[in-house]
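Take a look at the structure below.
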C-alpha cells in the first residue's frame with residue numbers, strides 16, 4: 001500500500017494532482033496574479049489499492065500565483081554612436 005498526497009479542487013471528488021507525500025505536489029495552470037483563497041484546494045491521503053476512499057480532506061492555505069520573471073540578459077555591450085549608443089545582449093529563455 002503506497003500512500004500518496006492528493007490535491008482536490010474544493011467540492012470535487014477526483015484529485016487534480018497526486019504524488020509522493022515526501023515530495024511536492026503541484027497545482028498548475030493558474031494565471032499569474034490569481035489569488036487562491038484558503039480552502040479553494042484541499043489535500044487528502046490516498047493509496048494505490050483504495051483511491052476511491054481517501055482520508056478526510058484538509059484545506060490547503062491560500063496563496064497568490066507568482067508572475068513569471070524573465071531571465072536577465074547576459075553579455076550586455078554598448079557601442080558608442082554619434083548620438084548615443086547601440087546596445088546588444090544575449091537573451092535566453094529559461
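Residue numbers (full-length UniProt numbering): 1 to 94.
From the three backbone atoms N, C-alpha and C, an ideal C-beta is built for every residue, glycine too.
In this text, all values refer to a predicted model and were calculated from it rather than measured experimentally.
Assuming contact is defined by CB atoms lying nearer than 8 Å, are residue 21 and residue 42 in contact in what I supplied? Mapped onto the chain shown, residue 21 falls at position 21. Mapped onto the chain shown, residue 42 falls at position 42. Not closer than 8 Å, so no.
Cβ separation of residue 80 and residue 87, assumed to be a contact under 8 Å, to the nearest whole Å: Along the chain shown, one-based indexing puts residue 80 at 80. Along the chain shown, one-based indexing puts residue 87 at 87. Contact annotation, residue 80 with residue 87: C-beta distance approximately 11 Å; criterion of less than 8 Å not satisfied.
Might you give, ordered along the chain, the residues of its own chain that have their beta carbon closer than 7 Å to the beta carbon of residue 55, omitting 5 neighbours on each side? Taking the chain shown and counting its residues from 1, one reaches residue 55 at position 55. If you ignore the 5 residues before and after residue 55, its C-beta comes within less than 7 Å of the C-beta of 44 and 45, all in its own chain and listed in chain order.
Is residue 113 helix, strand or coil when you go by DSSP? As shown, the chain starts at 1 and ends at 94. That puts residue 113 outside it, with no answer to give.
Close beta carbons around residue 8, own chain, < 6 Å, minus the five adjacent residues each side: Position 8 of the chain shown, counting from 1, holds the residue named residue 8. Leaving aside the five residues that flank residue 8 on each side, the residues in its chain whose CB is nearer than 6 Å to its CB run, in chain order, 15 and 42.
Alpha carbon to alpha carbon, how far is residue 84 from residue 68? Reading the chain shown from its first residue, position 84 is the one you call residue 84. Reading the chain shown from its first residue, position 68 is the one you call residue 68. So the alpha carbons of these two residues sit roughly 32 Å apart.
Go ahead and label residue 6 buried or exposed: buried means 16 or more other beta carbons lie within 10 angstroms of its beta carbon, across all protein chains shown. The residue labelled residue 6 in the question sits at position 6 within the chain shown. With 16 or more other Cβ atoms within 10 Å, it is buried.
With which residues is residue 80 paired in a DSSP beta bridge? Indexing the chain shown from 1 puts residue 80 at position 80. Bridge pairing for residue 80: 85 [DSSP].
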